[in-house]
């Protein structure tokens with residue numbers, strides 16, 4: 003009798019896992035369709051795509067994303083971003099750059115690495131189209147890191163010097179923020195020096211190699227916190243200076259890896275540092291995509307660092323939605339601010 007029960011349970015769990023896999027595959031396919039739609043006038047006619055994603059994400063939410071706070075916040079972020087993008091697609095006045103950034107935020111929230119999920123864990127392939135930069139960006143967001151590396155290597159075999167700066171940025175993100183492997187990046191740069199790139203890229207490679215070979219050891223968690231505090235304290239303007247980018251990317255990667263070892267009481271502090279430092283490295287206009295800050299507010303809003311996360315979150319929003327005609331924050335973002343504002 004016990005064997006029959008166990009066998010029945012195995013069949014049910016296998017069937018359920020198969021259903022979940024089917025749900026995920028359907029989401030991937032529709033995310034690819036959506037990638038095309040947001041760049042074209044077909045976006046207003048994409049109701050079926052949104053409907054299918056919503057239909058497939060619901061069982062995933064019940065199975066995965068509500069297992070703990072980190073997954074729960076990731077699920078809410080994805081649903082919110084999906085709704086915002088759908089509303090944008092139905093607007094009469096279409097802004098494709100705004101929609102593209104919303105789509106990037108959606109992909110980021112779909113595969114977000116939060117306090118419950120490691121950033122360096124590869125995920126199943128996500129079908130992607132677009133130019134080289136867009137492919138690498140989306141491969142990294144969807145955590146198809148092997149594919150991202152393949153695309154980077156292809157680019158450097160046939161270099162387009164108009165895009166080389168962007169590709170170096172993405173390569174640094176992959177090996178410093180994700181893999182935390184400055185030694186491998188140094189090895190790649192030294193090989194590339196032999197190809198004799200056009201000026202000023204050989205000189206920049208030499209500078210980066212020096213910086214990579216002299217990165218801090220960060221042998222204790224407290225050294226990570228001290229360095230993060232220094233970056234935040236001496237901030238001038240929103241973005242980090244070029245001379246600090248290598249060190250900051252490495253620090254951010256080390257902090258993210260520490261997030262999965264940190265005592266529970268330290269998680270809000272680590273999320274605040276990650277969110278604040280991420281804002282200094284990457285910042286898309288017309289988007290709210292700093293998921294570290296959103297997790298901080300969604301799960302630790304009443305903590306000591308909740309107020310700091312909110313202040314940093316608001317600085318990102320004000321920057322993102324301020325132009326020559328002033329600050330214009332969309333209705334959906336205002337609702338998000340209201341939802342995430344810490345209560346006394």
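In the working numbering, the protein residues as written are 3 to 346.
Here a beta-carbon is modelled for each residue, glycine too, at the ideal position from N, C-alpha and C.
Everything numeric in this text was worked out from a predicted model, so none of it was measured.
- By the neighbour-count definition (other C-beta atoms within 10 Å, threshold 16), residue 160 is an exposed residue.
- In this structure residue 278 does not touch residue 339 by the C-beta definition: roughly 18 angstroms separates them, more than the 8 angstroms allowed.
- Looking at 90, 102 and 122, the one whose alpha-carbon comes closest to that of residue 258 is 122.
- 7 angstroms or more divides the Cβ of residue 145 from the Cβ of residue 176.
- Taking all protein chains in view, the Cβ of residue 141 is crowded by 16 or more other Cβ atoms within 10 Å, so the residue is classified as buried.
- The region 244-252 makes contact with the region 173-191: 3 or more CB pairs, one atom from each, lie closer than 8 angstroms.
- Taking C-alpha positions only, residue 91 is separated from residue 49 by approximately 9 angstroms.
- One alpha carbon belongs to residue 29, the other to residue 196, and they sit about 43 angstroms apart.
- Per the C-alpha coordinates, the member of 297, 246 and 281 positioned closest to residue 270 is 297.
- Sequence-distant Cβ neighbours of residue 202 in its own chain, meaning closer than 8 angstroms and more than five residues away, do not exist here.
- In this structure, the straight-line span from the alpha carbon of residue 268 to that of residue 34 is close to 37 angstroms.
- Runs of the beta strand (DSSP E) lying entirely within the region 238-274 and spanning at least 3 residues: none are present.
- In the three-state reduction of the DSSP assignment, residue 328 falls in the strand class.
- Residue 299 carries a helical assignment under DSSP once its states are collapsed to helix, strand and coil.
- Counting along the chain, residue 199 sits inside no alpha helix (DSSP H), nor does DSSP assign it H or E at all.
- In the three-state reduction of the DSSP assignment, residue 130 falls in the coil class, being assigned neither a helical nor a strand state.
- Here DSSP, grouped into helix, strand and coil, assigns residue 161 to coil.
- For residue 148 and residue 184, the gap between their C-alpha atoms comes out near 17 angstroms.
- DSSP places residue 177 in no alpha helix (DSSP H); its state is neither H nor E.
- One alpha carbon belongs to residue 88, the other to residue 38, and they sit about 14 angstroms apart.
- Annotation: the continuous alpha helix (DSSP H) that includes residue 321 extends over 308-322.
- Contact check for residue 323 against residue 329 passes: the beta carbons are separated by less than 7 angstroms.
- Separation of residue 166 and residue 302 (C-alpha to C-alpha, rounded to the nearest whole angstrom) is 40 angstroms.
- For residue 182, there is no enclosing alpha helix (DSSP H), as DSSP marks it with neither H nor E.
- Around the beta-carbon of residue 155, fewer than 16 other beta-carbon atoms lie within 10 Å, marking it exposed.
- When the alpha-carbon of residue 45 is set against those of 158, 135, 80 and 101, the nearest one is in 101.
- In the three-state scheme derived from DSSP, where H, G and I count as helix and E and B as strand, residue 83 is classed as helix.
- Look at residue 40 here: in three-state DSSP terms it is coil, with no helix or strand label.
- Secondary structure of residue 92 (DSSP, three-state): coil.
- Annotated three-state conformation of residue 342 is helix, per DSSP.
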